[in-house]
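Okay, so here's the structure we're looking at.
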Amino acid sequence: MSKPSIDQNQPRFEFEPDPALEAFIERRAAAKAEAQALYWRFRLITIETMMLGLLVGAAGLALHQPPFLVFRAAVMVAAGCFASGILLIGLTGAIDKGIMRLRAWWRAR
1 MSKPSIDQNQ PRFEFEPDPA LEAFIERRAA AKAEAQALYW RFRLITIETM
51 MLGLLVGAAG LALHQPPFLV FRAAVMVAAG CFASGILLIG LTGAIDKGIM
101 RLRAWWRAR
């Protein structure tokens, strides 16, 4: 297949994007990415919580432990995993905001 020839008489399209529009689009994309990142972190913590709880339960039942003790241990491990994950998400967000403020303060000096 041969390439179609370019008509030399046709006016060329020169596109200069508006910097304000570009900045607006980048802000919207960053906000959406940040919201999705929080959702995916929470989802990951929830999945890990369920996996650890089920693994503790399966291990306890495989070792022929009493079902009530296995259930209690699985719930305690899952609750600890979930709490530590939520704490980690919160601290990560707080540190991120703190670093952003520190950078803004440093630039303003």
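Counting in my numbering, the sequence shown runs from 1 upward without gaps.
Don't be surprised by glycine CBs; every beta carbon is placed ideally from N, CA and C.
Small disclaimer: the values here were computed from a predicted structure and weren't measured.
At a Cβ-Cβ threshold of 8 Å, residue 74 and residue 49 do not count as neighbours. Our two residues, residue 96 and residue 52, have alpha carbons roughly 28 Å apart in a direct line. Under the Cβ criterion (8 Å, minimum of three pairs), the region 53-71 does not count as touching the region 19-27. The DSSP-derived three-state label of residue 66 is coil. Distance check between residue 83 and each of 17, 42 and 19 places 42 closest, using alpha-carbon atoms only. A Cβ-Cβ separation of about 16 Å leaves residue 70 out of contact with residue 80 under the 8 Å criterion.
Annotated three-state conformation of residue 6 is coil, per DSSP. Just so you know, the alpha carbons of residue 93 and residue 20 end up roughly 28 Å apart.
Residue 98 sits exposed, since fewer than 16 C-beta atoms from the chains shown fall within 10 Å of its C-beta.
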